[in-house]
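Asker:
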Amino acid sequence: MSSSAACSSASILNSSARIQVPISNFSFYFQSSLDYNPNSRFKKYKNWAFSRNFRDRYHPRKCLHQEDKSSQLLSPQEKTPNVVEISSDDKNVGIGSSPSTSFLSFLCPLLKLFSGGDPSKERNYFLEEAMSSLSTLARFPWGSRSLIEDSQTINSVDPPIRLQLFEFACPFCRRVREAITELDLSVEIYPCPKGSVRHREVVRRLGGKEQFPFLIDPNSEIQLYESSDIVKYLFQKYGKGRSPSTGLLESTIVTGWMPTLLRAGRGMTLWEKSRKEAPIKMLELFSYENNPYARIVREALCELELPYILQNVAKGSKRAPLLVEISGSKEVPYLVDHNTGQQIGDYKRIIPYLFETYSAVNM
């Protein structure tokens with residue numbers, strides 16, 4: 000439940016900096032937790048997606064431009080974005096997300112039968128903790144510590160503009176979240192549960208297909224689908240070429256499904272009573288991927304399709320001092336809701352708060 004690390008006090012919760020997701024007809028504005036305006040360093044984002052072909056590992060494919068109100072495609076004369084080279088042996092490492100799509104479509108309703116029903120109802124927290132703890136053991140040690148603790152070669156500074164990850168509770172999305180934990184990155188999470196009313200459409204419009212995880216890096220103007228490719232890109236770009244921890248990529252097919260099965264599909268399907276409108280400001284969650292208590296909160300955020308800023312504070316993280324300053328301890332999860340001013344550190348209080356606050360019934 001605890002984590003440590005070193006962080007500058009640059010992340011101050013009372014800020015008016017605004018971030019816009021670069022999506023045509025999906026302009027979500029949120030308050031940033033940073034005390035500087037990332038837009039001041041923002042370069043105009045060309046909406047390009049990348050897909051495979053037989054000759055090139057990635058090639059640019061035109062997407063809808065953010066400011067194109069008539070939904071026209073970008074001109075082919077637009078400048079091609081910087082493409083990070085992925086090693087040719089990538090195809091031999093890990094499993095991509097594509098083969099899982101049809102299986103997950105079958106698995107979601109099946110697991111829902113065993114998930115304990117309405118996620119907003121009172122829960123058996125002993126059982127919740129037991130199943131989540133077993134999930135943590137299944138994925139140990141991945142997603143539990145930051146690699147910057149071991150090496151000075153890892154870039155310990157967050158990108159000028161946060162990465163944007165579209166995901167839900169599936170093994171391949173988990174693989175990417177584990178990598179983000181190891182790299183100690185702060186990212187924007189856009190949950191995409193089955194039945195999504197907002198974020199899945201965004202992915203379909205930007206990338207051309209409904210597949211997850213989907214990563215947007217506004218700093219290098221890159222969009223990626225495949226989980227193994229995303230992990231390799233993240234380590235090449237923000238880990239200064241260092242490889243992921245041993246077994247992170249390869250283990251997904253072996254134990255990556257365990258948390259999904261043990262948690263009976265929690266975090267995979269949209270709660271039917273969730274609000275259709277996104278909150279004005281993004282929530283903020285201090286956690287790390289393989290924490291059993293943070294997992295339960297993350298599942299609830301996905302079931303409510305609430306976008307949030309993920310502040311990773313795994314063992315060795317640079318954000319531990321910030322968490323201590325805000326909450327008075329190193330324990331996670333710790334939720335900050337900038338819409339209501341609430342700050343909550345106990346997951347047993349966070350869960351009912353989320354479902355009560357963001358229920359369509361209570362609007």
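Going by numbering that gives the first Met the number 0, the residue at position 354 of the sequence shown is 353; the numbering climbs one at a time, nothing skipped. For every residue, glycine included, the Cβ atom is placed at its ideal position computed from N, Cα and C.
Taking DSSP's pairing of strands, which residues face Tyr333 in a bridge?
Answerer: DSSP lists Phe285 as partners of Tyr333.
Asker: State buried or exposed for Lys239, treating a residue as buried only when at least 16 other CB atoms are found within 10 Å of its CB.
Answerer: With fewer than 16 other Cβ atoms within 10 Å, it is exposed.
Asker: Between Leu261, Ser227, Ser195, which lies nearest to Leu305 when the distance is taken from Cα to Cα?
Answerer: Answer by Cα proximity: Ser195.
Asker: Mark Glu324 as exposed unless 16 or more other C-beta atoms lie within 10 angstroms of its C-beta, in which case mark it buried.
Answerer: With fewer than 16 Cβ atoms within 10 Å of its Cβ, Glu324 is classed as exposed.
Asker: Should the segment 346 to 358 be called in touch with the segment 322 to 336, which here means at least 3 C-beta pairs below 8 Å?
Answerer: As far as the Cβ criterion goes, the segment 346 to 358 touches the segment 322 to 336, which means the pair count is three or higher.
Asker: Using 8 Å as the Cβ pair cut-off and three pairs as the minimum, do the segment 195 to 206 and the segment 177 to 187 touch?
Answerer: These segments do not touch.
Asker: Could you pull out every residue in the same chain whose Cβ sits closer than 6 Å to the Cβ of Gln342, ignoring the five residues on either side in sequence?
Answerer: Around Gln342: Val335.
Asker: Using 8 Å as the threshold, is the C-beta distance between Pro291 and Glu187 below it?
Answerer: No, the pair does not count as a contact, with Cβ atoms beyond the cut-off.
Asker: Quick check: the Cα distance between Arg241 and Arg297, rounded to an integer number of angstroms?
Answerer: Their Cα atoms are separated by approximately 28 Å.
Asker: Please report the straight-line C-alpha distance between Leu353 and Phe211, rounded to a whole angstrom.
Answerer: For Leu353 and Phe211, the distance between alpha carbons rounds to 24 Å.
Asker: Three or more C-beta pairs closer than 8 Å, one from the segment 300 to 318 and one from the segment 274 to 285: is that the case here?
Answerer: Contact between the segment 300 to 318 and the segment 274 to 285 is present, because at least three Cβ pairs lie under 8 Å.
Asker: So is Pro21 buried or exposed if we call it buried at 16+ other beta carbons inside 10 Å?
Answerer: Bear in mind that the predicted position of Pro21 carries a pLDDT of just 45, short of 50, making it too unreliable to give a figure here.
Asker: Measuring only the C-alpha atoms, how far is Arg318 from Arg161?
Answerer: Cα to Cα, Arg318 sits roughly 15 Å from Arg161.
Asker: Helix or strand or just coil, what does DSSP make of Lys275?
Answerer: Lys275: coil per DSSP, three-state reduction.
Asker: Residues in the same chain with beta-carbon distance under 6 Å from Ser226, minus the five sequence neighbours each way, listed in chain order, please.
Answerer: Contacts found: Ser96, Phe171, Arg174, Val175, Pro212.
Asker: Report the option in Lys272, Thr268, Tyr232 whose CA atom is closest to the CA atom of Val360.
Answerer: The shortest Cα separation from Val360 among Lys272, Thr268, Tyr232 belongs to Lys272.
Asker: On a CA-only basis, which of Lys314, Thr339, Asn338 is nearest Glu330? Give me that one, please.
Answerer: Comparing Cα-Cα distances from Glu330 to each of Lys314, Thr339, Asn338, the minimum goes to Lys314.
Asker: Between which two residues does the alpha helix (DSSP H) containing Ser185 stretch?
Answerer: Not the alpha helix (DSSP H): Ser185 falls in the beta strand (DSSP E), residues 185 to 190.
Asker: DSSP beta-bridge partners for Glu166?
Answerer: In the DSSP output, where bridge partners are listed per residue, Glu166 has Pro190.
Asker: Starting from the C-beta of Arg294, find all residues in its chain whose C-beta is less than 6 Å away, skip the five residues before and the five after it, and write them out in chain order.
Answerer: Once the five neighbours on either side are set aside, the close Cβ partners of Arg294 are Ser131.
Asker: For Cys191, collect the residues of the same chain with a Cβ closer than 7 Å to its Cβ; drop the 5 residues on either side in sequence, then sort them by chain order.
Answerer: Only Phe165, Glu166, Phe167, His198, Arg199, Val202, Phe211 meet the Cβ criterion.
Asker: Measuring only the C-alpha atoms, how far is Asn311 from Tyr287?
Answerer: Going by the C-alpha atoms only, they are around 5 Å apart.
Asker: Using beta-carbon positions only, say whether Leu133 and Leu261 come within less than 8 Å of one another.
Answerer: The answer is yes: Cβ separation under 8 Å.
Asker: Which whole-angstrom value is the C-beta distance of Phe358 and Ser119, which I expect to be below 8 Å?
Answerer: Here residue 358 turns out to be Ser, not Phe, going by the sequence shown. Confirmed, Cβ separation roughly 7 Å.
Asker: Give every residue of the same chain whose Cβ lies closer than 8 Å to the Cβ of Phe139, excluding the five residues on either side of it in the sequence, and list them in chain order.
Answerer: For Phe139, where only same-chain residues beyond five positions count, the Cβ hits under 8 Å are Asn289.
Asker: For Ile215, which residues from the same chain have a beta carbon less than 6 Å from its beta carbon, with the 5 sequence-adjacent residues on both sides left out?
Answerer: Excluding sequence neighbours, Ile215 sits near Gln163, Gln222.
Asker: Kindly indicate which residue of Pro217, Tyr224, Asn218 has the alpha-carbon position closest to the one of Lys208.
Answerer: When each option's Cα is compared against that of Lys208, the closest is Tyr224.
Asker: Using DSSP's beta-bridge definition, name the partner residues of Gln222.
Answerer: Ile215.
Asker: If you drop the 5 nearest sequence neighbours on each side, which residues of the same chain put their C-beta closer than 7 Å to that of Lys379?
Answerer: Nothing about residue 379 can be read from this structure; the chain reaches only from 0 to 362.
Asker: Going by other Cβ atoms of all chains shown within 10 Å of its Cβ, with 16 needed for buried, is Gly340 buried or exposed?
Answerer: The residue is exposed, with fewer than 16 neighbouring Cβ atoms inside 10 Å.
Asker: Starting from Ile160 and walking both ways along the alpha helix (DSSP H), at which residues does that stretch end?
Answerer: Counting along the chain, Ile160 falls outside any alpha helix (DSSP H), and DSSP gives it neither H nor E.
Asker: In angstroms, rounded to a whole number, what distance separates the CA positions of Tyr307 and Tyr189?
Answerer: Taking the straight line joining both Cα atoms gives about 7 Å.
Asker: Count the other CB atoms, across all protein chains shown, that sit within 10 Å of the CB of Cys276; report buried if there are 16 or more and exposed otherwise.
Answerer: According to the sequence provided, residue 276 is Glu. The question's Cys does not apply to it. Exposed is the call here.
Asker: Are there 16 or more other CB atoms within 10 angstroms of the CB of Gly264, so buried, or fewer, so exposed?
Answerer: It counts as buried.
Asker: How many angstroms separate the CA atom of Pro217 from the CA atom of Arg274?
Answerer: In a straight line, the C-alpha of Pro217 is about 28 Å away from that of Arg274.
Asker: In angstroms, rounded to a whole number, what distance separates the CA positions of Leu136 and Thr356?
Answerer: Cα to Cα, Leu136 sits roughly 32 Å from Thr356.
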